[in-house]
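Note sheet for the following structure.
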Amino acid sequence: MNKAQGAAYINAQAVSALCELESMKAANRLANTQEQCAPYTEVDFLNIPNRFGIHHNAVLTFFQGCNR
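When we follow our numbering, the leftmost residue of the sequence shown carries the number 2, and every step to the right adds one.
Here it is, written out as structure tokens:
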């Protein structure tokens, strides 16, 4: 995979993570309006970059392995 392909992959992962983040926020808002406990906690939100492999070190390591 070259660097342009790698950038496209990381971008796709970021978009997927953002979709999940927004659905988690919506679920928490819905629970709040229904006076229920929020299904997602701060830890759940903080784990998103790890789950999608887009945290700082993962991205740097990914690009170190890309061909030029």
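Backbone N, C-alpha and C fix where the C-beta goes; we use that ideal spot for every residue, glycine too. Since we're looking at a predicted model, the values are computed, not measured.
- For residue 50, the uninterrupted alpha helix (DSSP H) segment begins and ends at 49-53.
- Counting C-beta atoms within 10 angstroms of its own C-beta, residue 53 has 16 or more neighbours from the protein chains shown and is therefore classed as buried.
- A straight line joining the alpha-carbon of residue 19 with that of residue 48 spans about 12 Å.
- In chain order, 40, 41 place their CB closer than 7 Å to the CB of residue 28, counting only its own chain and leaving out the 5 sequence neighbours on each side.
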